[in-house]
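Visitor: Got a structure here, written out as structure tokens. Questions coming.
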């Protein structure tokens, strides 16, 4: 087995395994966990604090997303070299499909990094303040609701982008 084959095997496995875990985790969170927590109401607070705070869900998702994106970019670079350069690759139908998938995945990762992570930290801080205050002040509850709504929107947009990436990557060779 030559070095190029080993490179492709290692980075394809990293890209696909991390991508499956990332996409599946975001899907599970958006489709099942968020709606269930909303339906349960305040009683879901300890679960969400455990999931977001102690278990560091957002950090896990960012690690999976980052691994997916970096491995994917290395594979993209390798594929582009087989097409007489980036210009020829990115103008081929295969390259266009992979570019759409790559841009969607990168956008989803950036949403997590610059949108979800700071808002999750803010939510955890607000929840801690509310718990320490006895009956939480109305202003804190209102801000928590606003941050929750923002997190819900960010998660849905990220999931939509991940779905675009998965569909583009899975179908690229057939374009």
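In my numbering, the protein residues as written are 16 to 190.
For every residue, glycine included, the Cβ atom is placed at its ideal position computed from N, Cα and C.
With DSSP as the reference, label residue 148 as helix, strand or coil.
Guide: It is coil, neither helix nor strand.
Visitor: Can residue 100 and residue 173 be called in contact, C-beta distance under 9 Å?
Guide: Not a contact, by the Cβ cut-off of 9 Å.
Visitor: Can you list, in chain order, the residues of its chain whose CB lies under 8 Å from that of residue 51, leaving out five sequence neighbours each side?
Guide: Only 59 meet the Cβ criterion.
Visitor: Return yes when the Cβ of residue 116 is within less than 9 Å of the Cβ of residue 41, no when it is not.
Guide: No, the pair does not count as a contact, with Cβ atoms beyond the cut-off.
Visitor: For the alpha helix (DSSP H) that contains residue 62, what are its first and last residues?
Guide: Counting along the chain, the alpha helix (DSSP H) containing residue 62 begins and ends at 60-64.
Visitor: Considering just the uninterrupted stretch of the alpha helix (DSSP H) at residue 42, what are its terminal residues?
Guide: Per DSSP, residue 42 belongs to the alpha helix (DSSP H) from 18-43.
Visitor: Could you check the C-alpha separation between residue 191 and residue 139 for me, to the nearest Å?
Guide: The first residue shown for the chain is 16 and the last is 190, placing residue 191 beyond what the model contains.
Visitor: Which runs of the alpha helix (DSSP H) fall wholly inside the segment 91-167 and span at least 4 residues, in chain order?
Guide: Listed in chain order, they are 101-106, 108-126 and 132-147.
Visitor: Are the beta-carbon atoms belonging to residue 29 and residue 119 less than 9 Å from one another?
Guide: Cβ atoms of residue 29 and residue 119: not closer than 9 Å.
Visitor: Residues in its own chain within less than 7 Å of residue 91 by CB, not counting five upstream and five downstream?
Guide: Same-chain partners within the cutoff: 113 and 117.
Visitor: Please name the residue, chosen from 47, 71 and 84, that lies closest to residue 177 on a Cα-to-Cα basis.
Guide: Measuring from the Cα of residue 177, the nearest candidate turns out to be 84.
Visitor: Using the Cα positions of residue 36 and residue 123, report the straight-line distance between them to the nearest angstrom.
Guide: Rounded to the nearest angstrom, the two C-alpha atoms are 14 Å apart.
Visitor: Is residue 75 helix, strand or coil by DSSP?
Guide: Helix, per DSSP.
Visitor: Can you list, in chain order, the residues of its chain whose CB lies under 7 Å from that of residue 44, leaving out five sequence neighbours each side?
Guide: Correct list, in chain order: 170.
Visitor: CB-CB under 7 Å to residue 104, same chain, minus the five flanking residues each way: which ones, in chain order?
Guide: Closer than 7 Å at the Cβ level, and outside the excluded window around residue 104, lie 94, 95, 98 and 110.
Visitor: In the DSSP assignment, the alpha helix (DSSP H) including residue 50 goes from what residue to what residue?
Guide: 49-55 is the span of the alpha helix (DSSP H), which, as asked, contains residue 50.
Visitor: Using only CA atoms, which one of 65, 66, 157 and 80 lies nearest to residue 34?
Guide: Of the listed residues, the one whose Cα sits closest to residue 34 is 80.
Visitor: Helix, strand or coil for residue 70, going by three-state DSSP, please let me know.
Guide: DSSP places residue 70 in coil when its eight states are reduced to three.
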